[in-house]
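Asker: Numbering (the numbering used here), first residue to last: 3 to 130.
From the three backbone atoms N, C-alpha and C, an ideal C-beta is built for every residue, glycine too.
Got a structure here, written out as structure tokens. Questions coming.
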């Protein structure tokens, strides 16, 4: 099996995942998964597509991720790995699609407008 390269995005985070046959090692920005994502919730998000397709110990995954915060990065990695699992086996799509793991979350930060305090918050109007 050759290396499969897929991209995942979430907010401003972009993750490039390289999936190859192996023993289940996940490396993110040249660090181990546990040292890059210290909380169990984020580790679960990254491993979710592997767990649903029963491939936790079948592939070595190397990820380059940049931009955004840690939650956005974890979800970008999850999307990239999910897309790679679909390319490994088309049957995986039937398990990942209902869980919502193949859907790119389109929500982005709304820009700040001029004459306002934030994107939607206005300056306080005082009548004296």
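#1: Ignore the nearest five residues each way along the sequence and tell me which others in residue 28's own chain have a CB closer than 6 Å to its CB.
#2: With DSSP as the reference, identify every bridge partner of residue 1, one or two as the case may be.
#3: Specify the secondary structure class of residue 105 as computed by DSSP and reduced to three states.
#4: Rounded to the nearest angstrom, what separates residue 58 and residue 14 at their Cα positions?
#5: Whether or not the stretch 79-94 and the stretch 15-24 are in contact is what I'm after, with contact meaning three or more pairs of Cβ atoms, one per stretch, closer than 8 Å; do they touch?
#6: In angstroms with no decimal places, state the Cα-to-Cα distance between residue 42 and residue 48.
#7: Considering only residues of the stretch 44-111, which uninterrupted alpha helix (DSSP H) runs meet the minimum length of 4 residues and lie entirely inside it, listed in chain order?
#8: For the candidate residues 121, 106, 90, 33, whose alpha-carbon lies nearest to that of residue 4?
#9: Given this structure, state the Cα-to-Cα distance separating residue 97 from residue 112, to the nearest angstrom.
Answerer: Straight from the coordinates:
#1: As a position in the chain shown, residue 28 is number 26, starting the count at 1. The answer, listed in chain order, is 35, 63.
#2: This structure cannot speak to residue 1, because the chain is shown only from 3 to 130.
#3: By one-based count along the chain shown, residue 105 stands at place 103. Residue state, collapsed to three classes: coil.
#4: Against the chain shown, residue 58 aligns to sequence position 56. Against the chain shown, residue 14 aligns to sequence position 12. Taking the straight line joining both Cα atoms gives about 27 Å.
#5: Two segments are said to touch when three or more pairs of C-beta atoms, one from each, lie closer than 8 Å; by this definition the stretch 15-24 touches the stretch 79-94.
#6: For this step, residue 42 is matched to residue 40 along the chain shown. For this step, residue 48 is matched to residue 46 along the chain shown. When rounded, the distance between both Cα atoms is 10 Å.
#7: Given a length threshold of 4 residues, each whole run of the alpha helix (DSSP H) inside the stretch 44-111 is given here in chain order: 72-90, 94-98.
#8: Position 2 of the chain shown holds residue 4. In terms of CA proximity to residue 4, 90 leads the group 121, 106, 90, 33.
#9: Here residue 97 is taken as the residue at index 95 of the chain shown, counted from 1. Here residue 112 is taken as the residue at index 110 of the chain shown, counted from 1. Roughly 33 Å separates the two Cα atoms.
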